[in-house]
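K.L.:
Residue numbers for the sequence shown follow my numbering, beginning at 3 and rising by one.
Here it is: the structure, laid out below.
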Amino acid sequence: MSFGRAPTIILARSGLLAMSAAGALLCGCDGPHAKAGKQADVAAGIKAGPLTKGPNERLGVVQDRAERDQARAVEDRAKEVRSAADTQADALERQAAETRKAAKQSAKALDQQANAIRGK
Numbered sequence: 003m004s005f006g007r008a009p010t011i012i013l014a015r016s017g018l019l020a021m022s023a024a025g026a027l028l029c030g031c032d033g034p035h036a037k038a039g040k041q042a043d044v045a046a047g048i049k050a051g052p053l054t055k056g057p058n059e060r061l062g063v064v065q066d067r068a069e070r071d072q073a074r075a076v077e078d079r080a081k082e083v084r085s086a087a088d089t090q091a092d093a094l095e096r097q098a099a100e101t102r103k104a105a106k107q108s109a110k111a112l113d114q115q116a117n118a119i120r121g122k
């Protein structure tokens, strides 16, 4: 009895299912604006269904997304700045190494010149 590729497919599907469930759980969390909007909807007497949200809660969700996206943009910009700084630092380190090498060569040549003058 040969199973062929079936166990692999079953494992892959179960893994995708688990990841989808985890993603659904994470997305279900409301941010501070959504929670405040939900409270405002309740205070205003707006009834939301199990799969629907009130207008204030929906607005809060949008605000939470905007803040999250803005934070991600700031993090991405920080990564770009760090990367540019690392590149610049690497270039400066190469330049310093070249300067040290040139200084050693100059010192060696001057030492040889001084030894020649002393008659060594």
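Cβ coordinates follow ideal geometry from the N, Cα and C atoms, glycine included.
V63 and A45 - do their beta-carbons sit closer together than 8 Å?
P.N.:
no
K.L.:
State the start and end residues of the unbroken alpha helix (DSSP H) segment that holds G62.
P.N.:
P57 to R120
K.L.:
Where does the unbroken alpha helix (DSSP H) through P34 begin, and where does it stop?
P.N.:
P34 to A45
K.L.:
What does the Cβ neighbour count give for E59, buried or exposed, with the cut at 16 atoms within 10 Å?
P.N.:
E59 is buried by the Cβ-count criterion.
K.L.:
Taking the alpha carbon of E69 as the point to measure from, which residue in G33, K103 and Q41 has its own alpha carbon closest?
P.N.:
G33
K.L.:
How long is the line joining the alpha carbons of A118 and S108, rounded to whole angstroms?
P.N.:
Linking A118 to S108 through their CA atoms gives a straight-line distance of about 15 Å.
K.L.:
Roughly how many angstroms lie between the CA atoms of A38 and G51, to the nearest whole one?
P.N.:
Taking the straight line from one Cα to the other gives about 17 Å.
K.L.:
Check whether the Cβ of G39 sits closer than 7 Å to any heavy atom of the ligand MG, and report yes or no.
P.N.:
The ligand MG is absent from the structure shown, which contains no ligands of any kind.
K.L.:
Roughly how many whole angstroms lie between the Cα atoms of R120 and A105?
P.N.:
22 Å
K.L.:
Around the C-beta of G47, are 16 or more other C-beta atoms found within 10 angstroms, so that it is buried, or is it exposed?
P.N.:
exposed
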